[in-house]
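The next block holds one structure in the form of structure tokens; read it before the comments.
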Amino acid sequence: MSEANDQGPDRAADRGEPVREAVRAYAARQPRLTAATAAWVTLVRTLLDDAGIDYLSVTGRTKSVASFSAKASRSDGDGLLYPDPLEQITDQIGVRVITYVHSDVAAVAELLDDELTILDDRDLGEETARSGRFGYASRHLLVRADEGDEHAGLAGERASIQVRTVLQHAWAEFEHDIRYKGNVPEDAAADLDRRFTLAAGLIELADREFATIRERIQAAAPGSTAEPEADHIVGQDLATFLAGHYSDAGWSHTDHYDWIADLLAQLGIDTVDDLADLLTSVDADAVIRRMGYRYPAGAVRRLDDALLAIFGEQYVTLEGNSHRVPLLRARLEKLTTPEA
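Take the sequence shown: its letters are residues 1 to 340, numbered as in UniProt numbering.
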């Protein structure tokens, strides 16, 4: 047996002990990371809701000990791929944001850049396109909440955040299941690759069409003030009204129309006509100028700020706003501070 082969087991043993120590340390910290993952999901949802960016879902997962162990054990041939796995394996906390259209992916990334420290930002869809191919498309950001931030309990914590459209997500999930859970015959692999590539190209086209559909609907939205059948404003009627009143605004999360309709009821605003009359007292341009939106504010966020400008502290203290009083007070300060 050669000298090189004699040393092989020794080198493997040398690599194995640091991995085992890292896995033990990760297993000890994982319960804390699980709690931090839930806090990250809440934080991202809060940021998106406050910004008025439309999205389908925000979910999170904490890397399992088994998955961490498998990744920490990877070799690049000459040694461990992650010599310091606790530091170098950066997806211990994972958050996924699913949007409806591609423009909202960019808006989410810009918002996270405003609110958090971005350690890494990769647009894998752009990287794939630059290589002249179709395939996996997702925005991957590594973020950190810094000391002194208002994000309680997350100071110093990192999270890997994926942002993709619902169609990109469907492609990625199906491709993952087939490649990693399916049993693909070797003689079918090339045809499988071609079909996945074709599907990725069709999904990119569909994403563009969905964006065009949304733009066309927003551009053609009527300024209807038809009375709702209920004795108060309901979410669907409010969505129709806001599409006309804020024709330049993006769509909001579907649940938020019902939520802000409840706030209107708490303020005693029970008809769309009453709301239309009320909004004539707001200088919409001044609100936009003071809030300084850096991303496409949805119609519900625009209405939210208008109501804040009109009712001030009364709006902040509504029962339906109890979960976001500090955020509203910070916005109210922007609206009431004299302009330079």
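Here a beta-carbon is modelled for each residue, glycine too, at the ideal position from N, C-alpha and C.
Quiz item: Taking C-beta to C-beta, are leucine 335 and leucine 307 nearer than 8 Å?
Solution: Here residue 335 is taken as the residue at index 335 of the sequence shown, counted from 1. Here residue 307 is taken as the residue at index 307 of the sequence shown, counted from 1. Contact flag unset, no.
Practice problem: Give me the Cα-Cα distance between arginine 302 and leucine 124, rounded to the nearest whole angstrom. | Solution: Position 302 of the sequence shown holds residue 302. Position 124 of the sequence shown holds residue 124. Spanning the two alpha carbons is a distance of roughly 32 Å.
Quiz item: Would the beta-carbon of valine 166 fall within 8 Å of that of valine 95?
Solution: Indexing the sequence shown from 1 puts residue 166 at position 166. Indexing the sequence shown from 1 puts residue 95 at position 95. No, the pair does not count as a contact, with Cβ atoms beyond the cut-off.
Exercise. Look up arginine 208 in the DSSP assignment and give the residues it is bridged to.
Key: For this step, residue 208 is matched to residue 208 along the sequence shown. Arginine 208 is not bridged to any residue.
Self-check item: Cβ shell of aspartate 270 (< 8 Å), same chain only, five flanking positions each side left out
Solution: Locating residue 270 in the sequence shown gives position 270, where the first residue counts as 1. Excluding residues within five positions, the ones whose Cβ falls inside 8 Å are Asp231, His232, Ile233, Leu264.
Quiz item: Which value, in whole angstroms, describes the spacing of the CA atoms of serine 281 and glycine 292?
Solution: The residue given as residue 281 occupies position 281 in the sequence shown. The residue given as residue 292 occupies position 292 in the sequence shown. Straight-line Cα distance between these residues: approximately 20 Å.
Exercise. Could you have a look at aspartate 78 and say whether DSSP puts it in helix, strand or coil?
Key: For the purposes of this step, residue 78 is taken as the residue at position 78 of the sequence shown. Coil, per DSSP.
Quiz item: Just how far apart, CA to CA, sit glutamate 319 and alanine 107?
Solution: For the purposes of this step, residue 319 is taken as the residue at position 319 of the sequence shown. For the purposes of this step, residue 107 is taken as the residue at position 107 of the sequence shown. If I take the Cα positions, the gap works out to 30 Å.
Quiz prompt | Among Ser160, Ala155, Val44, the one whose alpha carbon lies nearest that of glutamine 88 | solution = Locating residue 88 in the sequence shown gives position 88, where the first residue counts as 1. Residue Ser160 is the option with its Cα nearest to glutamine 88.
Self-check item: Alpha carbon of glycine 52 to alpha carbon of leucine 327, nearest angstrom
Solution: What you label residue 52 is simply residue 52 of the sequence shown in a count that begins at 1. What you label residue 327 is simply residue 327 of the sequence shown in a count that begins at 1. C-alpha separation (whole angstroms): 13 Å.
Practice problem: Identify whether serine 224 lies in helix, strand or coil by the three-state DSSP scheme. | Solution: Within the sequence shown, numbered from 1, the residue matching residue 224 stands at position 224. Annotation note: pLDDT 45 at serine 224 (below 50); position unreliable, no value reported.
Self-check item: CB of isoleucine 93 within 8 Å of CB of alanine 35, strictly
Solution: Here the question's residue 93 lines up with position 93 in the sequence shown. Here the question's residue 35 lines up with position 35 in the sequence shown. No, Cβ-Cβ distance for isoleucine 93 and alanine 35 is not below 8 Å.
Exercise. Can you tell me which of the three DSSP states serine 57 falls into?
Key: The residue labelled residue 57 in the question sits at position 57 within the sequence shown. The answer is strand: DSSP assigns serine 57 an E or B state.
Practice problem: Going by CA-CA distance only, name the one from Ser57, Ala155, Gly153 that's closest to glutamine 162. | Solution: The residue you call residue 162 lines up with position 162 of the sequence shown. Comparing alpha carbon positions, the residue from Ser57, Ala155, Gly153 closest to glutamine 162 is Ser57.
Quiz item: Considering threonine 280, what are the terminal residues of the alpha helix (DSSP H) in which it resides?
Solution: Numbered from 1 along the sequence shown, position 280 holds the residue referred to as residue 280. Careful: threonine 280 lies outside any alpha helix (DSSP H) and carries neither H nor E.
Practice problem: Report the three-state DSSP secondary structure of serine 252 (helix, strand or coil). | Solution: By 1-based counting over the sequence shown, the position of residue 252 is 252. If DSSP states are grouped into helix, strand and coil, serine 252 belongs with coil.
Quiz item: According to DSSP, which residues form a beta bridge with arginine 122?
Solution: Taking the first residue of the sequence shown as 1, we reach residue 122 at position 122. DSSP output for arginine 122 lists His140 as bridge partner(s).
Quiz item: Do alanine 22 and leucine 86 have their C-beta atoms within less than 8 Å of each other?
Solution: Along the sequence shown, one-based indexing puts residue 22 at 22. Along the sequence shown, one-based indexing puts residue 86 at 86. A contact, by the Cβ cut-off of 8 Å.
Quiz prompt | At least 3 beta-carbon pairs within less than 8 Å: the segment 53-73 vs the segment 247-256 | solution = Taking a cut-off of 8 Å on C-beta distances, the segment 53-73 touches the segment 247-256, as three or more cross pairs fall below it.
Quiz prompt | valine 97 - containing beta strand (DSSP E), residue span | solution = For this step, residue 97 is matched to residue 97 along the sequence shown. Segment 93-99, the beta strand (DSSP E) holding valine 97.
Practice problem: Determine the DSSP secondary structure at glycine 235, reduced to helix, strand or coil. | Solution: Here residue 235 refers to the residue found at position 235 when the sequence shown is read from its first residue. Helix.
Quiz item: With distances taken from CA atoms, which of Ala137, Gly16, Ala28, Arg61 is nearest glutamate 175?
Solution: Start at 1 with the first residue of the sequence shown, and residue 175 comes out as number 175. Out of Ala137, Gly16, Ala28, Arg61, Ala137 has the C-alpha closest to the C-alpha of glutamate 175.
Quiz item: Using DSSP with H/G/I as helix, E/B as strand and the rest coil, what is glycine 320?
Solution: Along the sequence shown, read from residue 1 onward, the residue named residue 320 stands at position 320. Correct three-state label for glycine 320: helix.
Quiz item: Hey, how far is the Cα of tyrosine 82 from the Cα of alanine 27?
Solution: Here the question's residue 82 lines up with position 82 in the sequence shown. Here the question's residue 27 lines up with position 27 in the sequence shown. Each residue's Cα considered, the two are about 17 Å apart.
Quiz item: Opposite alanine 145 in the DSSP bridges: which residues?
Solution: Taking the first residue of the sequence shown as 1, we reach residue 145 at position 145. Partner(s): Ala155.
Quiz item: Tell me, which residues are paired with glutamine 162 by DSSP?
Solution: For the purposes of this step, residue 162 is taken as residue 162 along the sequence shown, with counting starting at 1. Looking at the DSSP output, glutamine 162 sits in a beta bridge with Arg96, His140.
Quiz item: Among Leu33, Asp283, Asp277, Ala145, which has the Cα closest to the Cα of residue 346?
Solution: Lying before the first or after the last residue shown, residue 346 is absent from the chain, which here runs from 1 to 340.
Quiz prompt | Length of the line joining the Cα atoms of serine 224 and glutamine 236 | solution = For this step, residue 224 is matched to residue 224 along the sequence shown. For this step, residue 236 is matched to residue 236 along the sequence shown. Legend: pLDDT at serine 224 = 45, less than 50; position of this residue unreliable, value from coordinates given subsequently. Using only the alpha carbons, I get a separation of about 12 Å.
Exercise. Count the other C-beta atoms from every protein chain shown that fall within 10 angstroms of the C-beta of alanine 239, then say buried if there are 16 or more, exposed otherwise.
Key: As a first step, residue 239 is located in the sequence shown; it is residue number 239 there, counting from the start. With 16 or more other Cβ atoms within 10 Å, it is buried.
Quiz item: From glycine 312 to leucine 279, what distance separates their C-alpha atoms?
Solution: Within the sequence shown, the letter at position 312 stands for residue 312. Within the sequence shown, the letter at position 279 stands for residue 279. Straight-line Cα distance between these residues: approximately 14 Å.
Quiz prompt | leucine 48 versus Ile310, His140, Gln314, Arg294, residue with shortest Cα-Cα distance | solution = As a position in the sequence shown, residue 48 is number 48, starting the count at 1. When each option's Cα is compared against that of leucine 48, the closest is Arg294.
Practice problem: Assign glycine 201 to one of two classes, buried (16 or more other C-beta atoms within 10 Å of its C-beta) or exposed (fewer than that). | Solution: Taking the sequence shown and counting its residues from 1, one reaches residue 201 at position 201. Result: exposed.
Quiz item: So is alanine 25 buried or exposed if we call it buried at 16+ other beta carbons inside 10 Å?
Solution: Here residue 25 corresponds to residue number 25 of the sequence shown, with the count starting at 1. Flag for alanine 25 reads exposed.
Exercise. May I have the straight-line CA-CA distance separating arginine 139 from histidine 256, to the nearest angstrom?
Key: Locating residue 139 in the sequence shown gives position 139, counting from the first residue. Locating residue 256 in the sequence shown gives position 256, counting from the first residue. Using only the alpha carbons, I get a separation of about 25 Å.
Quiz item: Do you know whose CA, among Thr90, Asp248, Arg214, Ser322, lies nearest glutamine 266's CA?
Solution: Within the sequence shown, the letter at position 266 stands for residue 266. Looking at the Cα atoms, Ser322 is the closest of the given residues.
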